[in-house]
Amino acid sequence: MHWPMNTVCTCAHGKAQHWFATSSPKGPCRACACTAFIPEAVCECGHGKKAHAKGICKQKYLDGCTAFRERLAVSPKGAAPTTVKVAGEIGQGNALLPSVESITLPAGTFEDHERVYRAADDSLAEFDVSEGDFLIVNPKQKAHTGEFVIAVLAGQMFVGHWWAKHGQRDVMAADGQQVIVRGAAVIGAINLIVRSVHGR
Numbered sequence: 003m004h005w006p007m008n009t010v011c012t013c014a015h016g017k018a019q020h021w022f023a024t025s026s027p028k029g030p031c032r033a034c035a036c037t038a039f040i041p042e043a044v045c046e047c048g049h050g051k052k053a054h055a056k057g058i059c060k061q062k063y064l065d066g067c068t069a070f071r072e073r074l075a076v077s078p079k080g081a082a083p084t085t086v087k088v089a090g091e092i093g094q095g096n097a098l099l100p101s102v103e104s105i106t107l108p109a110g111t112f113e114d115h116e117r118v119y120r121a122a123d124d125s126l127a128e129f130d131v132s133e134g135d136f137l138i139v140n141p142k143q144k145a146h147t148g149e150f151v152i153a154v155l156a157g158q159m160f161v162g163h164w165w166a167k168h169g170q171r172d173v174m175a176a177d178g179q180q181v182i183v184r185g186a187a188v189i190g191a192i193n194l195i196v197r198s199v200h201g202r
C-alpha cells in the first residue's frame, strides 16, 4: 500500500478516504463512488514550493523558470461553490472584451476582492493559458519583479511577467527575455489559472 505523491482527489473527501494498491495510481473512495485522481500542479522548473512562496519563482531570472502554471483546487467537504461574474475576455495586445457570463467556481478558488477574466483566444499559449481558461486576478497597481500580471497600455491588455528594475517597467514573455510591452500599467496579479475542460 502506498500514497502516490502530488495527487488530490476530485471528490474532495481527501486522502484518508482512499486506499491504493501499488500497481495502480487510482483507488476507490470510502465515502463515494469516486475513483478519479488528478495530478497536483507543480512548477515546471522543479524548484519546489519554497521557491514559490509568493506565487512566483525566486529563481525566475536565473534560469528562465516561469513559476506555477496552475493550481488544481479541491473544495473542502461541504463547502459551497461560488458563482462569480466574468469581468471580461483577454487577448494579448487587444482591448478587453465585455462579458455578461457568470461561472461557478469550487470553494476556495476565489475571494470576494478578486476578479475573473477569460482567455479570449490562444494568444496566451506561451504561458500555458488556453482559450477559454479563467484567470483569477487580484486587482492591484504595483507588482513585484517576476510576478505574473495583467497590464494595460492605451486600452490594450497585456499578460506576462512584470519587470521593474533599472528604471524599466516591462511586461516580459514566458522566457524572461523578450519584452512584450514597455510602459504599461499593472491592473492585477494572476493568482490562479482555472483550466476550462470544454474550452469556450
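Here the numbering used here is used: the first residue of the sequence shown is 3, the next is one more, and so on. Glycine is no exception: its CB is placed at the ideal position from the N, C-alpha and C atoms.
Along the chain, where does the beta strand (DSSP E) containing D172 start, and where does it finish?
D172 to M174
Using C-beta distances below 6 Å, list every residue in its chain close to V173, excluding the 5 sequence neighbours before and after it, in chain order.
A153, F160, G162, I182, V183 and A186
For V131 and S125, what's the separation of their Cα atoms in angstroms?
8 Å
How should V118 be labelled, buried or exposed, when 16 other C-beta atoms within 10 angstroms of its C-beta is the threshold for buried?
buried
My parser needs the beta strand (DSSP E) runs of 3 or more residues fully inside the segment 83 to 161; what are they?
84 to 92, 104 to 107, 117 to 121, 136 to 141 and 150 to 155
In the structure shown, what three-state DSSP assignment does G190 receive?
strand
In whole angstroms, what separates the C-alpha of F70 from that of A191?
Because F70 sits at a pLDDT of 42, beneath the cut-off of 50, its placement in the model cannot be relied upon, and the following sentence gives the value as read from the coordinates. Going by the C-alpha atoms only, they are around 13 Å apart.
Could you name the residues that DSSP lists as bridge partners for R197?
In the DSSP output, where bridge partners are listed per residue, R197 has none listed.
Report the CB separation of A109 from P83 in whole angstroms; it is logged as a contact under 8 Å.
6 Å
Taking the straight line between their C-alpha atoms, what separation do you get for G157 and P100?
13 Å
What residue from H115, F136 and E116 has the CA that sits closest to D123's CA?
F136
Taking the Cβ atom as the reference point for each residue, do N193 and I138 lie within a distance shorter than 9 Å?
yes
Could you tell me whether the Cβ atoms of N164 and F150 are closer together than 9 Å?
A small correction: the amino acid at residue 164 is Trp; Asn does not occupy that position in the sequence shown. Yes. Within cutoff.
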